[in-house]
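K.L.:
Count along the sequence shown starting at 1, add 14, and that's the number in the working numbering.
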Amino acid sequence: MKSNILTEGKEIESGSSNRVTILKIINSFPGIRYRDILRLTNLNNGTISHHLSALEKCSVIKISRTENSNITRYYPASTPSDETLILNFLKIKTTKSIIQMLQDAEEATFGEIVEHIHKAPSTTSWNLKRLMDSKIVGRKRGENVSLFFLYNKDLVKKLIAENNKTLLDRSIDNYISIIDEL
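1. Within 10 Å of its beta-carbon, does V159 have 16 or more other beta-carbons around it, so buried, or fewer, so exposed?
2. For S63, which of L37, F43 and T80 has the nearest alpha-carbon?
3. To the nearest angstrom, how far is it from the Cα of L99 to the Cα of R79?
4. Alpha carbon to alpha carbon, what distance is there between V74 and L54?
5. Between L101 and L173, which are expected to be in contact by the criterion C-beta below 8 angstroms, what is the C-beta distance as a whole number of angstroms?
6. Which residue or residues does DSSP assign as beta-bridge partners of T86?
7. Smallest Cα separation from C72: which of S148, P90 and N84?
8. Start and end of the alpha helix (DSSP H) containing F124?
9. Name the two residues that bound the continuous alpha helix (DSSP H) containing F103.
10. Which residue marks the beginning of the alpha helix (DSSP H) containing G60, and which one marks its end?
11. With S139 as the anchor, note down where its alpha helix (DSSP H) starts and where it stops.
12. Please name the residue in F103, E70 and R87 whose C-alpha comes closest to that of Y48.
13. So, K105 versus G45, is the Cβ gap smaller than 8 angstroms?
14. What are the boundary residues of the beta strand (DSSP E) that S160 is part of?
15. In three-state terms, what does DSSP make of V74?
16. Is the beta carbon of L52 less than 8 angstroms from the beta carbon of N59?
17. Rounding to the nearest angstrom, what Cα-Cα distance links L164 and D96 in this structure?
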C-alpha cells in the first residue's frame with residue numbers, strides 16, 4: 015500500500031522514493047540546475063526528467079528559464095517570482111558580484127563596479143543592463159556620473175544570507191539529511 019506525502023499543499027506518492035528525493039533536493043537548493051540534481055541523485059537522465067515533469071505537473075515545483083532559455087533552474091512552487099529572479103542572478107558569478115557590491119555600498123558608479131568585479135566595461139555594462147531590465151538594479155543620475163543601486167536591499171540581503179553557503183557545503187549537509195530520512 016502506497017502512502018502519500020503532503021508537500022506545498024499537494025500530495026506526492028511516497029512509493030516513489032526517487033521523486034521524494036528529487037523534491038527534497040529542490041527544496042534544499044532552490045535554483046538548482048538539472049546537472050546538479052543528476053550528480054546528487056546518481057539517477058539516470060530519463061528517470062530525473064520523468065520525475066521533474068511529474069512534480070511540475072502536480073504544481074509542486076516550478077521551472078525557471080533564463081531569457082535566452084539556455085539555463086534552466088528548479089524551485090519549490092512556493093518561491094515567489096521576485097525571489098526566483100534574484101536567485102537566478104545570484105547563481106551567476108558576475109551578476110552576483112555586482113549585487114553583493116551594491117548590497118554592501120549604498121550606490122556605486124560604473125567605474126567602481128568595473129574595478130570591483132574585474133571584468134571588461136562591455137561585460138559589466140551588459141550585466142548591469144540585464145539587472146536593470148529585471149528591476150533588481152536601478153540607475154540614477156548623479157553629478158556627472160550615473161549611480162547604480164539595488165531596488166530591494168532587504169530581500170537581496172535575505173536571499174544572500176540564505177544562499178551564502180557554497181554548493182559543496184550545502185550538498186554535503188543536505189545529502190546526509192536526505193539519506194537519513196530515507
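All residues carry an ideal CB built from backbone N, CA and C; glycine is no exception.
P.N.:
According to the structure data:
1. One-based indexing of the sequence shown puts residue 159 at position 145. Exposed, by the Cβ-count rule.
2. The residue you call residue 63 lines up with position 49 of the sequence shown. Of the listed residues, the one whose Cα sits closest to S63 is L37.
3. Mapped onto the sequence shown, residue 99 falls at position 85. Mapped onto the sequence shown, residue 79 falls at position 65. Spanning the two alpha carbons is a distance of roughly 10 angstroms.
4. By 1-based counting over the sequence shown, the position of residue 54 is 40. By 1-based counting over the sequence shown, the position of residue 74 is 60. Approximately 20 angstroms between the Cα atoms of the pair.
5. To locate residue 101, count along the sequence shown from 1; it is residue 87. To locate residue 173, count along the sequence shown from 1; it is residue 159. Yes, they are in contact, since the Cβ atoms of L101 and L173 sit about 6 angstroms apart, within 8 angstroms.
6. Stepping through the sequence shown from its first residue, residue 86 is reached at position 72. Paired residues: R79.
7. Here residue 72 refers to the residue found at position 58 when the sequence shown is read from its first residue. Minimum Cα distance to C72 is reached at P90.
8. The residue labelled residue 124 in the question sits at position 110 within the sequence shown. Where F124 is concerned, the enclosing alpha helix (DSSP H) stretches over F124 to I131.
9. To locate residue 103, count along the sequence shown from 1; it is residue 89. Its alpha helix (DSSP H) spans residues S95 to L104.
10. Within the sequence shown, residue 60 is the residue found at index 46, counting from 1. Taken as a continuous stretch (DSSP letters only), the alpha helix (DSSP H) holding G60 covers N59 to K71.
11. Residue mapping note: residue 139 aligns to position 125 of the sequence shown, counting from 1. Taken as a continuous stretch (DSSP letters only), the alpha helix (DSSP H) holding S139 covers P135 to D147.
12. Along the sequence shown, read from residue 1 onward, the residue named residue 48 stands at position 34. Per the Cα distances, R87.
13. Indexing the sequence shown from 1 puts residue 105 at position 91. Indexing the sequence shown from 1 puts residue 45 at position 31. Yes, these two residues count as a Cβ contact at 8 angstroms.
14. Residue mapping note: residue 160 aligns to position 146 of the sequence shown, counting from 1. That run of the beta strand (DSSP E) goes S160 to L164.
15. In the sequence shown, the residue the question calls residue 74 occupies position 60. Three-state DSSP puts V74 in coil, outside helix and strand.
16. As a working note, residue 52 is residue 38 in the sequence shown. As a working note, residue 59 is residue 45 in the sequence shown. It is a contact, given that the beta carbons lie within the stated cut-off.
17. Taking the sequence shown and counting its residues from 1, the one referred to as residue 164 is at position 150. Taking the sequence shown and counting its residues from 1, the one referred to as residue 96 is at position 82. For L164 and D96, the distance between alpha carbons rounds to 13 angstroms.
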